[in-house]
Each structure stands twice: as C-alpha cells, then as structure tokens.
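Protein sequence lines, in the order shown, are assigned to chains A and B.
FYI, the numbering for the first sequence is 5 to 291, going by my numbering.
FYI, the numbering for the second sequence is 425 to 659, going by my numbering.
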Amino acid sequence: MEWVNALLQGTLLGGLYALFAAGLSLIFGVMRLVNIAHGDLIVLGAYLGLSVTTVLGFHPMLALIVVVPAMAIFGYVLQRGILNQTLGKDILPPLLVTFGLSVIIQNALLETYSADPQKMNAGALETASVSLGGLSVGVLPVLTFAIAIAVIATLQWIFYRTALGRAFRATSDNQEIAQLMGLNRRHIFGLAMALALAVTAIAGIMLGIRTSFDPSIGGGRLIFGFEAVIIGGLGNLWGTLVGGVILGVAQTIGAKIDPGWQLLAGHLTFLVILAVKPNGLFPRISE
Amino acid sequence: MPDPLLKLEDLDAFYGDFQALYQVELEVAPGEVLAIIGANGAGKTTLMRSISGLTQNQAQMVRYRGDTIGALRADEVAGKGIALVPEGRQLFPSLSVQENLIIGGQIGRKGPWSLKAVYELFPILQERRHQQSTSLSGGQQQMVAIGRALMANPDLILFDEISLGLAPIIIKDIYAALPGIIGEGMSALIVEQDITKALSVSQRFYCLQEGRVSLEGSSATVAREDISRAYFGVE
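Written out as structure tokens, the structure is:
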C-alpha cells in the first residue's frame, strides 16, 4: 500500500512539473527559443503571488487573477523589447540573453525579498486531505494536478482550434511565409510569450503554496521542466504531462527507497529515457 | 497606359551580400498579366521577394497605387493587397488543407474569393480539406498554395515558378485554370522558366539577365531570337 501511495503522490507531483514544463514547451514549439530564465520566471510568479497575498490580503488562489495577467503583460513586453532581437539563424544569442535574464531576475528577487525562504499561506487548503480506500490524498496536490490538466487542455484547444493557434503553428512552420499571410511574427511571438508566462504564473503560485521558496531555486525548476518536456517529446503538450508524471513518480519512488535518492532517481530515469528514446516518448517535432 | 498598379523605380536589391538586381524599372497596369522570364540566377526570385516585402529595400523603389512600399515588412505589404504564391509551394505542414486556406484569408480583405470559391475552383481540395497539406500530391499542393494566395483577395498576385517540379499534365491543368483565376480585374506577375507557357498567358513580358532588364515587350509579338539573346546574353 505504501508503494501505491508513492505512485499516487508521484503522479500528482507530476502535475506540478507539467505546469513548470508547459510554458517552456510552448515557447520552444512556437519560436525555437530555449528559455534558460524559465525557472526564475516561475519563482518570480511565486514572489508576485506572495506580494499580492500579503499586500492585498488575498488567498493565494485568488492572487492568480492579478499575477496571471501581470506575468502575461510582462511576457509580451519582454518578447517585443528584448527576446525578438535575439532570434535568428544562430541559436546562441537567445541562450545567452535568457541566461543573463535569469541572473538579473534572481538578483532582483534577492534585493527585493532577501534570501530568506518564503511561503504563501493558503490556510486549510494546505493540509486538507481526503481518504481514498486506505490512502490519504492531499487536496492541494489533486487540485494542482487538475489545474495542470485544465491548462494543457486549454493550450491544446488554443493551438488546434483557434485562429491564434493557427497563427502559432504557421509561424512555427515557416516564419517568412507566415509574414506573407499578414502575420507579424514579432507580435505572434509576443503573444506566445504572454501565454507562456501566464501558465508560468500559475506554476509559480502552485509551487509557492506547496513548498517554501527562495530566489535561488529557479534553476532546479528549470531542470524539472526540461526533463518533463524531453521525456514527453518536444512539441507534444499531453506528452509533457506524461513526462511530468514519469518524473514525479520516479522521484517519489526513489525517495521511498532512500530519501536521499529523490532527485537522483528522477535524473536517472530521464537519462535512461533519453538513451532509449532520444526524441522522447511522443515526439511531434521531427527535426 | 492607365496609372500603373505597381511601379518599380531604379530598384537595386540584394540577396544576402550579393547584389541581385540593378536599376530595375517595371510597371504593372490594373488587370494586366505580366510574365517575368530569365535564366537561373537572373534575379527573378529576388524581384518577387522585393515586391512582397520579404526583402526590404528603400521605400521609393517600389510604388503600389502611388504609395511607396519598398521598405515595408511582408505582413504590411500583404495587407495592401499583394499576395505571393512562393516557389516550391511552401505550405504549412502543421496545418490541414483547409487551415492553410483559412490562414491565407485571415488578412480579411473583401473580394470574390472565399473557401467556397476556392473549393469550386479546385473541388479535390474540398475532399481533402481535413488532410495534412504534406500528404497531398505536388499538383494538389500547388492548388492549395494558389488557393491560399487567392483567399487574401489580392489586387496583385505573384506566381513564383508554379510549374517547378510538377508533371507536365499537371502544369497544363494549372495553366488552363489560370485565366479563370486571374480574371475579375486582378493583376498578376508570373515568373516562369517555361518561356512558351509564360508568354501564352501574359500580355507583356520582362526578361531579366544578371539582375538587369534585358528585354521587355508584348508577349504576342516578340520574336524568339530576341528572347534568346535577352535570355542568355549571346549575340
């Protein structure tokens, strides 16, 4: 039963990892940009949530209605102002610039909020649980998992059922020809980054309710996000959820064997999958 | 000649660092079909890119309805009513046939072309509308590429090497359909390697040679030996 419990907890943890990964996957899918600052943007989302809850006295879940649009606007401005200038044939400039951005965000957070670990207070939501045939399941992890499914279903709907999604796919396929269709790729990329950071805001808040955070943890979240994206296969959003779940389960099972093995088990599972299926389990992008 | 729809004045254009066009002068009248002929590397594709905005030049080098559009981006040029059927078709592989057509029409210009009109022109596309565009035959893909450009209801449509890589029978069908496509007062610029085909559908032609206009004239009356000389540059 303990193992079943570990499996269940790991699956639910995978929901959080999928939220980390979804924005990363979207950005890479639309503009082939590898965003090294993604983890720090998640942490930024958590801190913005913290400020909203302490200043306005909102419940963290309610803070989403402020933080999500704020991060989306920040994403659009960031893309139009800086990141668009780095995109081109050479893949190095976006890597360097987002790495620099990562350093800037970390230090800005450090200046503003100090290095002390912080946590958002979500009251009863943090500890509430339901029993499920002998297992005790936390409401928060279940909620996080449900949100992850909802986010990915929404992204999937946007991508395959709306004019915006059509524009994303067309621009991703061929930027020049998309311009001929009257699509301004700079604007389209701005919208993609806005959408990605909206998802990142959700990820940051769910992270900040679940665990304590400090300005330095972004790198670790970035790695989890990357691993989930790559396990699932580039460009496949449902695959990203599966990737998150596999990573979450590997970590909880690893921790069950020996608490020190939690992270290592996740990374080893990632490496094994990468060795066996280098394109991930459900690749969409063939290149 | 009435006021030209499109006028190139002293157009110098570059393909990367390489100057591909030198002082090109060209005019397209409303409703006119123009052929652009020339050997590989003569600058035909750079000419198409310069008109459509994929290559940006100095503003006054390209005039359209009197506006200087030479320095505009491709998406801005598209909004003014110039559509390009690119060389090699270049459909969006992630989009279905129908989505490829819809995205062509998303500029939202009014006119006779709609999904329904394109499907009437190419009924096979309606049958295949939910397929991935890459699963179609070359000829059908070319129909999608033409339909995609028409969906924008352009006043000027540019065809870049539409017969390239297609079977002769397919080329024949597509050229048979062209007059119906270009009717309705639309102007067209047709870049073509096959000189006979190009001259048969156009009223006037321009021949490019090493980035310069080497000959221009009426498609119906031009002498073959003049074209050979202008095309290859041999005396």
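Even for Gly, the Cβ is constructed at its ideal location relative to N, Cα and C.
Note that the structure is a prediction, hence the values are computed from the model and not measured.
Residue-level contact by beta carbon holds for A498 of chain B and chain A, with a gap shorter than 8 angstroms. For the pair I570 of chain B and I605 of chain B, the CB atoms are nearer than the 8 angstroms cut-off. Residue burial is scored here from C-beta neighbours: N464 of chain B has fewer than 16 other C-beta atoms within 10 angstroms and is therefore classed as exposed. A:G79 is the residue among A:R170, A:G43, A:G79 and A:L52 whose C-alpha sits nearest the C-alpha of A200 of chain A.
The secondary-structure analysis by DSSP pairs G462 of chain B across a beta bridge with B:L632.
Around G477 of chain B, the same chain offers L496, R497, A498 and V501 as residues with beta carbons nearer than 6 angstroms, after the five sequence neighbours per side are excluded. Counting along the chain, the unbroken alpha helix (DSSP H) around A502 of chain B starts and ends at A498 to G503.
Taking a Cβ-Cβ threshold of 8 angstroms, the residues of chain A close to F516 of chain B are R173, A174, D177, N178, I181 and A182, in chain order.
Taking a cut-off of 8 angstroms for Cβ pairs, the stretch 436-450 of chain B and the stretch 467-486 of chain B touch, as three or more such pairs fall below it. In the DSSP assignment, Q13 of chain A falls within the unbroken alpha helix (DSSP H) covering E6 to M35. Look at the stretch 109-141 of chain A and you find these whole runs of alpha helix (DSSP H), each 4 residues long or longer: 128-131. Under the 8 angstroms criterion on CB atoms, Q530 of chain B is classed as interfacial with respect to chain A. Listed in chain order, the non-local C-beta contacts of Q183 of chain A below 8 angstroms within the same chain comprise R189, local neighbours out to five positions each way being set aside. Residue state for L471 of chain B is assigned as helix, using DSSP reduced to three classes. Think of a sphere of 8 angstroms around the beta carbon of A541 of chain B: no beta carbon from chain A falls inside it, the nearest being about 18 angstroms out. Chain B places a beta carbon closer than 8 angstroms to that of L187 of chain A, counting this residue as a contact. The stretch 267-283 of chain A makes no contact with the stretch 58-67 of chain A: fewer than 3 CB pairs, one atom from each, lie closer than 8 angstroms. When only Cα atoms are considered, E649 of chain B and P428 of chain B end up about 29 angstroms apart.
The DSSP-derived three-state label of S216 of chain A is coil. Pairing D436 of chain B with F24 of chain A, the inter-Cα distance amounts to about 49 angstroms.
Under the Cβ distance rule, A437 of chain B does not count among the residues neighbouring chain A, no pair being separated by less than 8 angstroms.
It is roughly 28 angstroms from the alpha-carbon of S538 of chain B to the alpha-carbon of A591 of chain B. One Cα belongs to T470 of chain B, the other to T116 of chain A, and the distance between them is close to 53 angstroms.
The continuous alpha helix (DSSP H) containing L574 of chain B extends over residues G562 to L574. In the DSSP assignment, K540 of chain B falls within the unbroken alpha helix (DSSP H) covering L539 to L545. Following the DSSP letters along the chain, one finds D441 of chain B in no alpha helix (DSSP H), marked with neither H nor E.
Contact annotation, V143 of chain A with A132 of chain A: C-beta distance approximately 4 angstroms; criterion of less than 8 angstroms satisfied.
Taking 9 angstroms as the upper bound on Cβ-Cβ separation, chain B lies near no residue of the stretch 11-28 of chain A. Take the alpha-carbon of F230 of chain A and the one of P121 of chain A: they are about 24 angstroms apart. The DSSP-derived three-state label of K260 of chain A is helix.
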